[in-house]
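A.B. asks: The sequence shown begins at -18 in the working numbering and counts up one residue at a time.
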Amino acid sequence: MAVITIARQFGAGGRTLGLRLANALGYRFLDDVVIHELARRVNVTHEAVQDIENIAGGFFSKAVTAMLSKSYMDRMTGEEFGYIDETIYAKTLKEVILDLAKNDNIILLGRGSPLFLEGHPKTLHFLLVAEKKDRVAFIREHYNLTAAEAEKDVEIGDKKRRNLYSLFKNYNYKDPLHYHMVFNASLMTLDEILQEIVTFVQRSRGE
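(1) Are the segment 100 to 109 and the segment -10 to 10 touching by the rule of at least three beta carbon pairs closer than 8 Å?
(2) What does DSSP give as the partner residues of N24 in its beta bridges?
(3) Over the uninterrupted alpha helix (DSSP H) stretch that includes T170, give me the two end residues.
(4) If we count the other Cβ atoms within 10 Å of its Cβ and call it buried at 16 or more, is G59 buried or exposed?
(5) If distances are taken between C-alpha atoms only, which option among A29, K133, L105 comes closest to A118?
(6) When you compare only the Cα positions, how much space is there between K43 and Y152?
(7) Please list the terminal residues of the continuous alpha helix (DSSP H) segment that includes Y5.
(8) In three-state terms, what does DSSP make of I65?
(9) Can you name, in chain order, every residue of its own chain whose Cβ lies under 7 Å from the Cβ of L74, other than the five neighbours on each side?
(10) Put T104 into one of helix, strand or coil per three-state DSSP.
(11) In chain order, what residues of the same chain have a beta carbon less than 7 Å from the beta carbon of T26, not counting five sequence neighbours either side?
(12) What are the boundary residues of the beta strand (DSSP E) that includes A(-12)?
(13) Using the three-state DSSP reduction, which class does M48 fall into: helix, strand or coil?
(14) Where does G39 sit, in a helix, a strand or coil, going by DSSP?
(15) Measuring alpha carbon to alpha carbon, tell me which of T68, D115, E99, E177 ends up nearest L79.
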């Protein structure tokens, strides 16, 4: 029994790998659960959480936070609504991930989970990387985009990920020392990576 985290570069196939790994091991893949639970705890919509993830760390995010404070929104609407900014997002995200990790047989995708669960018992951390050209090809194939559209998506995705991780000071998610195993999807197929992880997890469980 274990908790598994998968960090990945945008377009390396992390979500696809996570879903397939959950199926192979009989684990629960909790990517969307994290967002929904975070939204529930701070009383905002699922979309509000995604908006924070999309603009985190940038000037626009800071400007929006300054303009739309909770007290300002309450005055404008006359009602008590939930509120989220980068600070609340990061704090609540950590709480959600730590609480979810109390369960066995789950897979968490990115969002700082390797950081928050570093040293956590029965937790295995994996990182998936790939060359930019291969990430572009993956996005193009899986989302039916042109080469130019896929390349733009990868560049935007990389920027969003950098901005998001800037909320977690002094943490470089690409540092291999954070992980039990690091996989290069430019040198291995997802099938090969999947089998390596399944074997490692089974061995860690004494099977």
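All residues carry an ideal CB built from backbone N, CA and C; glycine is no exception.
C.D. replies: In short, the structure shows the following:
(1) yes
(2) N24 is not bridged to any residue.
(3) Taken as a continuous stretch (DSSP letters only), T170 belongs to no alpha helix (DSSP H), as it is neither H nor E.
(4) Because G59 carries a pLDDT of 42, less than 50, the predicted location of this residue cannot be relied on, and the following value inherits that uncertainty. G59 should be labelled exposed.
(5) K133
(6) Any reading at K43 must be qualified, since the residue scores a pLDDT of 42, below 50, and its modelled position is unreliable; no value is offered.
(7) Checking the sequence shown, residue 5 turns out to be Ala, not Tyr. First-last of the alpha helix (DSSP H) with A5: -5 to 6.
(8) coil
(9) L19, R92, G93
(10) In the structure shown, T104 sits in a strand (DSSP, three-state: E or B).
(11) A20
(12) -16 to -11
(13) Any reading at M48 needs caution, since the residue's pLDDT is 38, under 50, leaving its predicted position unreliable; the model's value is listed next. Here M48 sits in helix by DSSP.
(14) Residue placement at G39 is flagged as unreliable, the pLDDT there being 44, under the threshold of 50; a coordinate-derived value is accordingly withheld.
(15) Here the closest residue by C-alpha is E99.
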